[in-house]
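> Before I ask anything, here is the structure I am working with.
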Amino acid sequence: MANEVDQSRQYYFGVKKVLIFRKLASRTDLTLILAGIILVAWAKNWEGNAITAITPKVFSIFNAVHLTSLLNMVLYILQTALLPIYSKVSDMVGRTEAFTVAIFFYVISGIIMATAQSMETLVGGQVIYAFGISGVSVLGHVLIADMTSKVNRGLFQAFYDIPAIINIFVAPLAGQALTQSNQWRWAYAMIPFCVGAMSLPLLAGLFSVERKMKKSGLLKEENSQVQKRSILEKLRWFCNEIDLIGSLLMIGALCMILLPLVLAIPRWGGWASATTIGTLVAGVVTAGLLGIWEWKYAEKPLVPFGNWSTLTPITGVLTCATISTVTAMNWQYFLTYLMVSRKLDVLIATYLEMGYHAAFLVSQVLAGYLMKRYKIYRPFVFVGILLYMLGIGLMIPARLPSSSDGFVAISQIIGGFGAGMVYVPILVAVQSSVPHNDLAIVTALVQIGGSIATSIGSTLAGATWNSMLPGQIAEHVPGQYDYESIIGSVDVAISLPQEQYDGVVAAYGYIQKILSIVSLCLAALAFCFFLGMRSFGLSDDDDQYIHAEEDEKLAIDDHEMNSTITNDNKVERA
1 MANEVDQSRQ
11 YYFGVKKVLI
21 FRKLASRTDL
31 TLILAGIILV
41 AWAKNWEGNA
51 ITAITPKVFS
61 IFNAVHLTSL
71 LNMVLYILQT
81 ALLPIYSKVS
91 DMVGRTEAFT
101 VAIFFYVISG
111 IIMATAQSME
121 TLVGGQVIYA
131 FGISGVSVLG
141 HVLIADMTSK
151 VNRGLFQAFY
161 DIPAIINIFV
171 APLAGQALTQ
181 SNQWRWAYAM
191 IPFCVGAMSL
201 PLLAGLFSVE
211 RKMKKSGLLK
221 EENSQVQKRS
231 ILEKLRWFCN
241 EIDLIGSLLM
251 IGALCMILLP
261 LVLAIPRWGG
271 WASATTIGTL
281 VAGVVTAGLL
291 GIWEWKYAEK
301 PLVPFGNWST
311 LTPITGVLTC
321 ATISTVTAMN
331 WQYFLTYLMV
341 SRKLDVLIAT
351 YLEMGYHAAF
361 LVSQVLAGYL
371 MKRYKIYRPF
381 VFVGILLYML
391 GIGLMIPARL
401 PSSSDGFVAI
411 SQIIGGFGAG
421 MVYVPILVAV
431 QSSVPHNDLA
441 IVTALVQIGG
451 SIATSIGSTL
461 AGATWNSMLP
471 GQIAEHVPGQ
481 YDYESIIGSV
491 DVAISLPQEQ
501 YDGVVAAYGY
511 IQKILSIVSL
521 CLAALAFCFF
531 LGMRSFGLSD
541 DDDQYIHAEE
551 DEKLAIDDHE
561 MNSTITNDNK
571 VERA
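Numbering of the sequence shown is given in the UniProt record's numbering, commencing with residue 1 and proceeding in unit increments.
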């Protein structure tokens, strides 16, 4: 029994540090942390937009445009496993330590990709990149939730992403300039410079509070409990807490189920090949083992479903995941399609694509304000889903090669505005429907759902593209041609003789139309999942969702803490 209590105390050590953090953080500390969170969010989005702008060119250099979805799928599969690990580590040891590790991997990944001489090295850099961006993404939202009330949380979560709206219009300029001057490596080099520099205020604020916590003496008892364990016991405890076996099974299952959808036809000899069938069967078996492990044997499951009395976290995650699946599927090859079908340079094509993201960011702020004003969330999600479906529906005719650029932009804006109205209200609802001790993991769960959904969407897009494109090219492109060169390089496709080029455009346009139709059908599922979310107010005195009883078990005695801090302050003033 004593051992169980000890394990529980150690598991919640990082959460207890958050409670102490609230008492000890000064105005300067909070300013540094909030400013740092926003700066890191800006840097993360800046490098993401810049790299998006150069991706078609870089993949063309390595003759690998058709493998775009594969790289994205690998990245999102890794994020799926890393997000809950980061959330649990932040609960176990603290937000500061977890954020520092994430920044380290983030910076290293930029160096690797900037110096890559082959596609294999670039993929290796993406693996390290996943270790960095996963932690930065989830912990930014967790820190905001730690420092804000439910009624204000939506607005602050929206502000976290709003600096990115500048990058939407400026970063592609940088990407185009680097591409045209054949200096694309500098886009990857922006990661260590931008992310590393912008993280300094955040880390300064976090470590300042860490020093105050150590000086207060409130953590000595917890630290002494950790020090009593041997190295082997610490390692076993850590692996148990993050559910290492479950994480590895999940990565294996996702890889083996999703990889054949992308590689079966172009690389593995079709759906009837032994490699394809064997990989799919192994993936299904691994998924079954994962379910058995999580149900019967995992002491600390990846997601603690049994701790929640409402389905709101699950249905909320499924709603957002459906939107992410549609977005990934319908936008996976959109930039390449625009550059080929309309002969647009990377800048104009990126601007057309980013109209969705600009509207997404603006509508998040509007949704956050409306939630603060009216203290409800469900009506805004309902309107958002309807707008999103309208936007996707308009994309079916808008993305035909013969449609105007203005029509493309309008459909993008409507879809993006709807998606933004969905995301922030659901994130706040999910965070507000669980105890504070589960706040980090449920925040990670939202992003896990997004990562899995994005990998599925990318895989579906890749499978559709790679399975249908050979037949469409053969049907529409006359004469002799090199299929691998056409699909592997944008420059080769647009430099074909006019008759062959028109055939390529027709083939690309038909597949893009199919992707949009399937996306609209999938978008309807979001509304079905949304119906399972419970309606509740966002006022901070809503007893049904404060979970006072659960949090009381984890909280440090406020009277004792306040007494200790007051005495320390008196000593400092003296």
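Beta carbons: idealized from backbone N, C-alpha and C, even for Gly. Quantities reported herein were computed from a predicted structural model and do not represent experimental measurements.
#1: Could you give the first and the last residue of the continuous alpha helix (DSSP H) run that contains Lys300?
#2: Give every residue of the same chain whose Cβ lies closer than 8 angstroms to the Cβ of Phe207, excluding the five residues on either side of it in the sequence, and list them in chain order.
#3: When you compare each of Tyr510, Ala367, Trp331 to residue 576 by their alpha carbons, which one comes out closest?
#4: Report, in whole angstroms, the separation of the C-beta atoms of Val136 and Tyr106, which I expect to be a contact under 8 angstroms.
#5: Give me, in chain order, the residues of the same chain whose beta-carbon lies closer than 7 angstroms to that of residue 596; leave out the 5 immediate sequence neighbours on both sides.
#6: Identify whether Lys375 lies in helix, strand or coil by the three-state DSSP scheme.
#7: Apart from the five residues just before and just after Gly449, which ones in its own chain have a Cβ nearer than 8 angstroms to its Cβ?
#8: Could you pull the start and end residues of the alpha helix (DSSP H) that Thr336 belongs to?
#9: Just the Cα atoms here: how many angstroms apart are Ile473 and Gly503?
#10: Beta carbon of Thr286: closer than 7 angstroms to some heavy atom of the ligand PLP?
#11: At what residues does the alpha helix (DSSP H) containing residue 619 begin and finish?
#12: If you check the beta carbons only, do Leu386 and Gly418 fall under 8 angstroms apart?
#13: First and last residue of the alpha helix (DSSP H) that includes Gln480?
#14: DSSP three-state call for Gln512: helix, strand or coil?
#15: Looking at Leu335 and Thr350, is the spacing between their C-beta atoms short of 8 angstroms?
#16: Taking 8 angstroms as the limit between beta carbons, can you name the residues of its chain near Gly393, skipping five residues before and five after?
#17: Which residue from Tyr388, Val346, Lys343 puts its Cα closest to that of Ser363?
#18: Compute the Euclidean distance between the alpha carbons of Lys234 and Ala253, then round it to the nearest angstrom.
#19: With a cut-off of 8 angstroms on the beta carbons, I'd call Arg154 and Val505 a contact; round off their distance for me.
#20: Given a cut-off of 8 angstroms, decide if Pro56 and Val408 are closer than it, judged by their beta-carbon atoms.
#21: Just how far apart, CA to CA, sit Ile251 and Ile77?
#22: Do Leu32 and Pro201 count as a contact pair if the criterion is CB distance below 8 angstroms?
#23: How many angstroms separate the CA atom of Ala439 from the CA atom of Val424?
#24: Mapping the DSSP letters down to three states, classify Leu496 as helix, strand or coil.
#25: How is the alpha helix (DSSP H) around Trp42 delimited, first residue to last?
#26: So is Gly125 buried or exposed if we call it buried at 16+ other beta carbons inside 10 Å?
#27: If Gly246 sits next to Leu290, beta carbons under 8 angstroms apart, how far is it from one beta carbon to the other, in whole angstroms?
#28: Which parts of the region 402 to 446 are runs of the alpha helix (DSSP H), unbroken and 4 residues or longer, counting only runs that do not cross its ends?
#29: So, do the region 110 to 120 and the region 180 to 196 have three or more beta carbon pairs nearer to each other than 8 angstroms?
#30: By how many angstroms is the C-alpha of Asp482 removed from the C-alpha of Ala526?
#31: Can you list, in chain order, the residues of its chain with a C-beta nearer than 7 angstroms to that of Leu71? Leave out the 5 residues immediately preceding and following it.
#32: Shortest alpha-carbon distance to Val442 belongs to which of Ile314, Arg534, Ile166?
#33: So which of Leu400, Ser433, Met213, Ile242 has the shortest CA-CA distance to Ser309?
#34: Any idea if Asp345 is buried or exposed, counting beta-carbon neighbours within 10 angstroms, 16 or more meaning buried?
#35: Rounded to whole angstroms, how far is the Cβ of Asp405 from the Cβ of Leu352, which I believe are closer than 8 angstroms?
#36: Taking the alpha-carbon of His357 as reference, which of Phe380, Ile376, Gly391 has the nearest alpha-carbon?
In this structure, then:
#1: Translated into positions along the sequence shown, residue 300 becomes position 300. Per DSSP, Lys300 is not a residue of any alpha helix (DSSP H), being assigned neither H nor E.
#2: Counting from one through the sequence shown, the residue named residue 207 turns up at place 207. Cβ within range, chain order: Thr96.
#3: In the structure as shown, the chain starts at 1 and stops at 574, and residue 576 therefore has no counterpart that could be examined.
#4: By 1-based counting over the sequence shown, the position of residue 136 is 136. By 1-based counting over the sequence shown, the position of residue 106 is 106. That belief holds up - the Cβ atoms of Val136 and Tyr106 are roughly 6 angstroms apart, short of 8 angstroms.
#5: Since the first and last residues shown for the chain are 1 and 574, residue 596 lies out of range.
#6: By 1-based counting over the sequence shown, the position of residue 375 is 375. Lys375: coil per DSSP, three-state reduction.
#7: Taking the first residue of the sequence shown as 1, we reach residue 449 at position 449. Cβ-Cβ distances below 8 angstroms link Gly449 to Val317, Leu318, Cys320, Ala321, Ser324 in the same chain, with the five nearest sequence neighbours on each side left out; the list follows chain order.
#8: Working through the sequence shown from its first residue, we reach residue 336 at position 336. Under the DSSP assignment, Thr336 falls in the alpha helix (DSSP H) whose first and last residues are 334 to 341.
#9: Within the sequence shown, residue 473 is the residue found at index 473, counting from 1. Within the sequence shown, residue 503 is the residue found at index 503, counting from 1. Near 7 angstroms, if we compare the C-alpha coordinates of Gly503 and Ile473.
#10: With respect to the ligand PLP, the structure shown offers nothing to examine, as it has no ligands at all.
#11: No answer is possible for residue 619: the residues shown for the chain start at 1 and end at 574.
#12: If you number the sequence shown from 1, residue 386 lands on position 386. If you number the sequence shown from 1, residue 418 lands on position 418. In this structure, Leu386 lies near Gly418, with their beta-carbon atoms less than 8 angstroms apart.
#13: Residue numbering aside, residue 480 sits at position 480 when the sequence shown is read from its first letter. Where Gln480 is concerned, there is no enclosing alpha helix (DSSP H), because DSSP gives it neither an H nor an E.
#14: Taking the first residue of the sequence shown as 1, we reach residue 512 at position 512. Looking at Gln512 - three-state DSSP - the assignment turns out to be helix.
#15: Within the sequence shown, residue 350 is the residue found at index 350, counting from 1. Within the sequence shown, residue 335 is the residue found at index 335, counting from 1. At a Cβ-Cβ threshold of 8 angstroms, Thr350 and Leu335 count as neighbours.
#16: Within the sequence shown, numbered from 1, the residue matching residue 393 stands at position 393. The residues are Leu520.
#17: In the sequence shown, residue 363 corresponds to position 363, counting from 1. For Ser363, the closest C-alpha among the options Tyr388, Val346, Lys343 is that of Tyr388.
#18: In the sequence shown, counting from the first residue as 1, residue 234 sits at position 234. In the sequence shown, counting from the first residue as 1, residue 253 sits at position 253. Answer to the nearest angstrom: the Cα atoms are 28 angstroms apart.
#19: In the sequence shown, counting from the first residue as 1, residue 154 sits at position 154. In the sequence shown, counting from the first residue as 1, residue 505 sits at position 505. Per the sequence presented here, residue 154 reads as Gly, with Arg not at that position. In fact, because the Cβ distance is near 43 angstroms, the residues do not count as touching under 8 angstroms.
#20: Residue numbering aside, residue 408 sits at position 408 when the sequence shown is read from its first letter. Residue numbering aside, residue 56 sits at position 56 when the sequence shown is read from its first letter. The criterion of a C-beta distance shorter than 8 angstroms is not satisfied by Val408 and Pro56.
#21: Residue 251 sits at position 251 when you count from the first residue of the sequence shown. Residue 77 sits at position 77 when you count from the first residue of the sequence shown. Cα to Cα, the separation comes out at about 6 angstroms.
#22: Position 201 of the sequence shown, counted from the first residue, corresponds to residue 201. Position 32 of the sequence shown, counted from the first residue, corresponds to residue 32. Inclusion of Pro201 and Leu32 in the CB contact set at 8 angstroms is warranted, their separation being smaller than that value.
#23: Your numbering for residue 439 matches position 439 in the sequence shown. Your numbering for residue 424 matches position 424 in the sequence shown. Before going further, note that residue 439 is Leu rather than Ala in the sequence given. Rounded to the nearest angstrom, the two C-alpha atoms are 15 angstroms apart.
#24: As a first step, residue 496 must be located in the sequence shown, where it is residue number 496. In this structure, Leu496 counts as coil in the three-state DSSP scheme.
#25: For the purposes of this step, residue 42 is identified with residue 42 of the sequence shown, where counting begins at 1. From DSSP, the alpha helix (DSSP H) with Trp42 extends over 27 to 61.
#26: Sequence index remark: in the sequence shown, residue 125 carries index 125 (1-based). So Gly125 ends up on the buried side.
#27: The residue you call residue 246 lines up with position 246 of the sequence shown. The residue you call residue 290 lines up with position 290 of the sequence shown. In this structure, Gly246 and Leu290 form a Cβ contact; the two beta carbons are roughly 6 angstroms apart against a cut-off of 8 angstroms.
#28: You should have 405 to 432.
#29: Verdict: yes, contact present.
#30: Taking the first residue of the sequence shown as position 1, residue 526 is located at position 526. Taking the first residue of the sequence shown as position 1, residue 482 is located at position 482. Answer to the nearest angstrom: the Cα atoms are 41 angstroms apart.
#31: The sequence position of residue 71 within the sequence shown is 71, counting from 1. Within its own chain, the residues whose Cβ lies closer than 7 angstroms to the Cβ of Leu71, once the five positions on either side in sequence are excluded, are Val123, Gln126, listed in chain order.
#32: Taking the first residue of the sequence shown as 1, we reach residue 442 at position 442. The residue from Ile314, Arg534, Ile166 with its alpha-carbon nearest to that of Val442 is Ile314.
#33: Translated into positions along the sequence shown, residue 309 becomes position 309. Selection Leu400, Ser433, Met213, Ile242 evaluated against Ser309 yields Ser433 as nearest (Cα-Cα).
#34: Residue numbering aside, residue 345 sits at position 345 when the sequence shown is read from its first letter. It is exposed - the Cβ of Asp345 has fewer than 16 other Cβ atoms within 10 Å.
#35: Within the sequence shown, residue 405 is the residue found at index 405, counting from 1. Within the sequence shown, residue 352 is the residue found at index 352, counting from 1. Their Cβ separation, rounded to whole angstroms, is 6 angstroms, which keeps Asp405 and Leu352 in contact under 8 angstroms.
#36: Along the sequence shown, read from residue 1 onward, the residue named residue 357 stands at position 357. Taking His357 as reference, the option from Phe380, Ile376, Gly391 with the minimal CA-CA separation is Gly391.
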